Amino acid sequence: MNMVLKNGRLIDPISGRDETVDIHIVDGMIETIRAGMPVPASAEVVDMKGKIVAPGFFDMHVHLREPGFEYKETIQSGCTAAAAGGFTGVACMPNTNPAIDDEAVIRFIHERARAALGGLVDVYPVAAVTVGRRGEQLAPLAELATAGAVAFTDDGDPVHDAEIMRRALEYAKMFNKPIIQHAQDLPLTKGGVMNEGFNATTLGLPGMPAIAEDVMVARDIALVRYTGAQYHVAHMSTAGSLALIRRAKKDNLNVSCEVTPHHFTLTDDAVRSYDTNTKMNPPLRTRDDVEAMKEGLRDGTIEVIATDHAPHSFDDKQVEFQFAPFGIVGLETAVGLAMTELFAKGILSLYQIIERLSTNPRRILHLPPILIREGEEANLTIIDPSVEWIVDVQRFKSKSKNSPFHGRTLIGKAVGAINNGKVYWAS
Amino acid sequence: MPLHSKHLLGLDGMPKEDIELILDTAVSFREVLERPIKKVPPLQGKTVANLFFESSTRTRLSFELAERRLSADVLGFQAAGSSVAKGETLKDTARNIEAMKIDMVVMRHSAAGAPHYLSTVINSSVINAGDGGHEHPTQALLDMYTLREKFDRLEGLHVCIVGDIAHSRVARSNIYGLKTMGAKVSVCGPATLIPREIERLGVDVYYHIDDVLPRVDALNVLRIQLERDAGRLFPSIREYHNFYGITRQRLEKAGRDIVIMHPGPINRDVEISADVADSENSVILQQVLNGVAVRMAVLYLLGTR
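Protein sequences appear in the order of chains A and B.
Using the working numbering, the final residue of the first sequence is 470, and nothing's skipped along the way.
Using the working numbering, the final residue of the second sequence is 1316, and nothing's skipped along the way.
Okay, here's the thing in structure tokens:
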């Protein structure tokens, strides 16, 4: 590899740079960063005019499905989808089969990830909080952390038992690892398949009230206050839980949260078609919740945009709404939705989008910051901020096509990813 | 003038003229049912598949009778003992049955939206015979037919639906249909059985039955399901009967002639006392008879569209 990214707009929250430069990369290392530099004869020149060069994007909430559900996604296909969506790093969730509750599974994932795209996408396993994610008994958190787990969660399900949650927080704190909570009170959502409210009432579908998320976050904040541990709310969806986290941050608790592109874009009106690609957990909420998510992103309460990329096969979703599995894919639409819904609408600056898609999730997971300077490894995402494109699920690199955004016009797209000496250009 | 849709999935969004067309068409079939020979030929050569993925006696028999009265060939299917028990999907089951060249599907299903989904994967007309807690359009149509028979109009009538509104497809279809036809609709039941934001459909909510009785022309009394999350949604059947049961004493106190409907099957002396169910004001058996005529009208209009 020997190339010059010519005339790109480098936006780097770590160094604070925002300027048009040429970046010369040789064998994955940044040789030179300079405006208008003479191109070495041996180097390939890639025209970056009008494009943005940013530190590599990181999606801290991805379901890669392997091991166990390879018909939905594999580490190979998931990493390709990540690269196509502009992500050079992902954190993968432990609801595999077997669950990531044993260091052997972590080693397996690392090995597969190194083989996918030559290791372009860094895959960081998030291990289970409890054995088998059953919520009864702590998983070997110390062993898992030592093997490389970056955080713990039973995602897909909440850690429901307050005693287990308390002990998990205390134990994980010893290793400086966050507990990521899928915040859902289970009795309040029993049988539910969509947001409780007017749409559920008219559609006759069992509801999952917003308060189910709120009460779990409220309880957890009390536990965090007591234990002093680090806590992160996965896929936040309600105005109520956002207000709780905002308050907890004011109180200097070590808490953070993420929002998915679908939760800052769609409301539960989308469910009116009974399209199973609008079914996910947490469900799409109301207009007020969507507006709250945008305000949370704007004021910095929500530090992270994460996709909750949840692949399901075509046949998995070709069933009655109530019987369909929860979840949608997100890796390949996230940047486009963030640019369209947040940047184009003036909610976030490019700088803030890059923080929420790169710098902040890495910081929360205690990963080393990406340094864009000479002598460092190139870990970069390239965005075309002005390209208009139509989402076509058939062009997804993910094995699964379960997206409610098929046919939607977006402005802005990730077009390239560079990491570990490998390059991926989106077609 | 044909119906606007080739399916009858629900009354939500159905135009007023379509509802009127079905009710008007049902009048002539109602007359057929009084003849010594109750069979007419319009669906001769057409095949209707009745897919009942949830147990039903009265709706299934009513549809079957309506189909036979119209000379259709009838294919019956009940989930128990079928391939569904072996794990076949709805899509595969329906497509296999459709491969045998059928024209219409009547479906009862426990999942809301199942007929909407079905209509996207097969070509036949789909008639919703009840989908989960969503809609039961032919029930609401026969309820409206019965009310129209009794009052000669729907516009301006005040109908109160009493009971478990949250889980009731009958309630939803009645609300959609009656509101479209210009009736006033209210619902009454314990707060735990009233779904969120139902008032946005333009209905009044009452929690005390005696508050609403003096104001209504008709009651549609829903069956209260004894087994529904016993004790979690309401304390007991005894308490329900004492606070919401439609009794002669309550009706007398209201001082009005109120028409009593019930979609059946009745729990006598639970949601309705036996003497009210059997009283002069009860049109429960007319509903059953009208149900056949209304279903004939729907089958006829969709089958000859």
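The C-beta atom is built at its ideal place from N, Cα and C for all residues, glycine as well.
Keep in mind the model is a prediction, meaning the values are calculated, not measured.
How many angstroms separate the CA atom of residue i from the CA atom of residue j?
i	j	result
E62 (chain A)	T123 (chain A)	30 Å
F364 (chain A)	P83 (chain A)	58 Å
G1092 (chain B)	A381 (chain A)	Bear in mind that the predicted position of G1092 (chain B) carries a pLDDT of just 49, short of 50, making it unreliable; the figure below should be weighed with that in mind. Going by the C-alpha atoms only, they are around 50 Å apart.
K1112 (chain B)	T1070 (chain B)	24 Å
W432 (chain A)	H306 (chain A)	21 Å
L1019 (chain B)	T173 (chain A)	48 Å
P326 (chain A)	M1025 (chain B)	28 Å
G1256 (chain B)	V1216 (chain B)	17 Å
T402 (chain A)	T424 (chain A)	12 Å
M1272 (chain B)	L1230 (chain B)	6 Å
S1016 (chain B)	A1090 (chain B)	27 Å
G79 (chain A)	M91 (chain A)	12 Å
G1200 (chain B)	D1222 (chain B)	12 Å
S1082 (chain B)	P1274 (chain B)	26 Å
D1154 (chain B)	L309 (chain A)	37 Å
L1189 (chain B)	T1036 (chain B)	18 Å
K1027 (chain B)	M1192 (chain B)	6 Å
Y1251 (chain B)	I152 (chain A)	56 Å
V1303 (chain B)	P1013 (chain B)	20 Å
D55 (chain A)	A192 (chain A)	27 Å
P98 (chain A)	A134 (chain A)	17 Å
A1140 (chain B)	V1294 (chain B)	21 Å
C1171 (chain B)	A1182 (chain B)	10 Å
So what does residue i bridge to, in DSSP terms?
i	result
V89 (chain A)	A:L48
T424 (chain A)	A:A97 and A:A460
T452 (chain A)	A:I433
M72 (chain A)	A:V69 and A:E420
S299 (chain A)	A:H275
N1292 (chain B)	Looking at the DSSP assignment, N1292 (chain B) forms no beta bridge with any residue, so it has no partner.
F195 (chain A)	A:A170 and A:I222
H352 (chain A)	A:V105
N30 (chain A)	Missing from the structure shown is residue 30 (chain A); chain A here goes from 44 to 470 and no further.
D165 (chain A)	A:G132
S1136 (chain B)	B:M1115
F1063 (chain B)	B:Q1089 and B:R1119
T1058 (chain B)	B:D1084
L181 (chain A)	A:T173
M251 (chain A)	A:N238
E53 (chain A)	Just to set this straight, residue 53 (chain A) is Leu in the shown sequence, not Glu. DSSP output for L53 (chain A) lists A:E62 and A:V96 as bridge partner(s).
I1257 (chain B)	B:I1283
L1019 (chain B)	B:I1138
What residue does the beta strand (DSSP E) around residue i start on, and which one ends it?
i	result
E62 (chain A)	R60 to V69
G1087 (chain B)	D1084 to Q1089
T189 (chain A)	Unbroken run through T189 (chain A) is the alpha helix (DSSP H), L184 to A190; no beta strand (DSSP E).
Y467 (chain A)	K465 to W468
A1229 (chain B)	A1229 to V1232
Just curious, the alpha helix (DSSP H) that residue i is in, first and last residue?
i	result
N242 (chain A)	F241 to L246
F1074 (chain B)	R1069 to R1080
E1160 (chain B)	P1148 to F1162
K18 (chain A)	A question about residue 18 (chain A) goes unanswered here, because the residues of chain A that appear run from 44 up to 470.
P1126 (chain B)	A1125 to V1132
R262 (chain A)	I254 to T270
S1039 (chain B)	K1027 to V1043
A147 (chain A)	E146 to A158
P404 (chain A)	N403 to I407
V378 (chain A)	A377 to L380
P304 (chain A)	P304 to T308
Comparing the CB of residue i with every heavy atom of the ligand GDP, is any distance shorter than 7 Å?
i	result
A1060 (chain B)	Among the ligands in the structure shown, none appear at all, so the ligand GDP cannot be discussed.
Residues in the stretch 362-376 of chain A with C-beta within 9 Å of chain B's C-beta atoms, listed in sequence order? V362, E363, F364, Q365 and F366
Beta strand (DSSP E) runs wholly inside the stretch 1167-1226 of chain B, at least 3 long, in chain order: 1169-1173, 1195-1199 and 1215-1217
Could you run through the stretch 230-241 of chain A and flag, in chain order, every residue whose CB is less than 8 Å away from some CB of chain B? E239, G240 and F241
Beta strand (DSSP E) runs contained entirely in the stretch 1099-1128 of chain B, provided each spans 3 or more residues: 1115-1120
To be precise: take each residue of the stretch 243-256 of chain A, compare its Cβ to all Cβ atoms of chain B, and keep it if any distance is under 9 Å. Which residues remain? A243, T244, T245, L246, G247, L248, P249, G250 and P252
Give the residues from the stretch 295-317 of chain A that approach chain B closer than 7 Å (Cβ to any Cβ), ordered along the chain. Y317
Closer than 8 Å, Cβ to any Cβ of chain A: which residues of the stretch 1122-1140 of chain B, in chain order? A1122, A1123, G1124, A1125, H1127, Y1128 and V1132
Mind checking the stretch 1044-1058 of chain B against chain A and listing, in chain order, the residues whose C-beta falls within less than 9 Å of any C-beta there? none
Just list the beta strand (DSSP E) runs in the stretch 1265-1291 of chain B, keeping only unbroken ones of 3 residues or longer that don't cross its boundaries, in chain order. 1270-1272
Taking a Cβ distance cut-off of 9 Å, strictly less, list which residues of the stretch 1203-1219 of chain B are near chain A, in chain order. P1206, R1207, E1208, I1209, R1211 and L1212
Closer than 8 Å between beta carbons: that is the criterion. Which residues of the stretch 1183-1194 of chain B meet it against chain A? R1183
Of the residues that make up the stretch 1095-1120 of chain B, which ones have a beta carbon closer than 8 Å to any beta carbon in chain A? T1100, L1101, K1102 and H1120
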